[in-house]
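Let me begin by presenting the structure, written as structure tokens, before commenting on it.
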Amino acid sequence: MRIDILTLFPEMFESPLSHSILKRAQQAGVVDIVFTNIRDFATDCYKKVDDKPYGGGPGMVMMPGPVFDSFEHVEKLSPEKGKVVLLTPQGQKFDQAKAIELSEQKRLILIAGRYEGFDERIRTGLDAEQISIGDYILSGGELAAMIIIDAVVRLLAGALGDEDSPKDDSFSGGLLEYPQYTRPEVFRGTKVPDILLSGDHAKIAQWRHRQALERTKKCRPDLLKDNDKL
Ligand code: ADE
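Following my numbering, the numbering of the sequence shown begins with 304 at its first residue and continues without gaps.
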């Protein structure tokens, strides 16, 4: 997969992309992440990318010119058209199903804005899917883009050591993940459930499913709208 990121702050991505799974996925060629600084496409000598809102009001709004010019430049960097995503609190809420859908694309172009928002003509003029990571306002789309990149890249073949592990993640089957245990067998008086030491894989799978159901019922009953999961 190729991921292009249009941002005013490429440096913000350095640390999250230089560790663990995201680092290894890039080194292994599973994903290629390319940055474009929107400010490089500002046309005046002050490198201005934002301005006051027409009609008055607080804050600054991102100007359409540098966003469109940077986007049109990035589009041509690869023959793959890709899916364009605009990070905004006005978008559809990001979830695991959306992460899976995005992980099936060959190319993503993520546009992270700053300031009070985008000029409306960016929203209407780009053929972009608008995605929010939750009902709160961040200072910009960069952290939202990082969350999407993390959730998507770990689903790509070859990104994780064990190919099967994303399937057991919370939400993947519509349920939270079952409880996991590792050594020691007894920790501060609490023992690992006997069933997990039994070696009976069918019984273990049954137990895990039941635990996942119970945990979901208790912690996230909203995920259980589907009656056949009950
Ligand atoms: N930009 C600012 N807040 C955001 C949010 N909640 N999701 C995505 N992009 C954003």
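Just so it is clear, CB atoms sit at the ideal spot from N, CA and C, and this is done for glycine as well.
{"Check": "For the structure I just gave you, are there three or more beta carbon pairs, one from the segment 404 to 411 and one from the segment 451 to 460, closer than 8 angstroms?", "Outcome": "yes"}
{"Check": "Please determine whether the Cβ atom of residue 310 lies at a distance below 7 angstroms from any heavy atom of ligand 1.", "Outcome": "no"}
{"Check": "Starting from residue 521, trace the alpha helix (DSSP H) both ways and give me its first and last residue.", "Outcome": "504 to 522"}
{"Check": "At 3 residues or longer, and completely inside the segment 392 to 426: list those beta strand (DSSP E) runs for me, N to C.", "Outcome": "410 to 415"}
{"Check": "Is DSSP giving residue 449 helix, strand or coil here?", "Outcome": "helix"}
{"Check": "Have a look at the DSSP bridge pairing and note the partners of residue 364.", "Outcome": "354"}
{"Check": "Pull up the distance between the alpha-carbon of residue 510 and that of residue 517, whole angstroms please.", "Outcome": "11 angstroms"}
{"Check": "Can you give the Cα-Cα distance for residue 418 and residue 442, rounded to whole angstroms?", "Outcome": "7 angstroms"}
{"Check": "State whether the segment 411 to 427 contacts the segment 387 to 395, with contact taken as three or more CB pairs (one from each stretch) at a distance under 8 angstroms.", "Outcome": "yes"}
{"Check": "I'd like the list of long-range same chain contacts for residue 428, defined as Cβ closer than 8 angstroms, with 5 residues on each side in sequence excluded.", "Outcome": "367 and 371"}
{"Check": "In angstroms, rounded to a whole number, what distance separates the CA positions of residue 451 and residue 349?", "Outcome": "32 angstroms"}
{"Check": "Cutting at 7 angstroms between CB atoms, please list the residues of its own chain near residue 331, excluding the five before and the five after it.", "Outcome": "461"}
{"Check": "Mapping DSSP to helix, strand and coil, what is residue 486?", "Outcome": "coil"}
{"Check": "Around the Cβ of residue 440, are there at least 16 other Cβ atoms within 10 angstroms (buried) or fewer (exposed)?", "Outcome": "exposed"}
{"Check": "Buried or exposed: residue 444, going by 16 or more other Cβ atoms within 10 Å of its Cβ?", "Outcome": "buried"}
{"Check": "Of the choices 410, 401, 446 and 394, whose alpha-carbon is the least far from that of residue 438?", "Outcome": "394"}
{"Check": "Just to confirm my understanding: we take residue 345, look at its own chain, exclude 5 residues before and 5 after, and list those with CB closer than 6 angstroms. What are they?", "Outcome": "351, 352 and 369"}
{"Check": "For the beta strand (DSSP E) containing residue 311, list its first residue and its last residue.", "Outcome": "It is not in any beta strand (DSSP E) - residue 311 carries neither H nor E in the DSSP assignment."}
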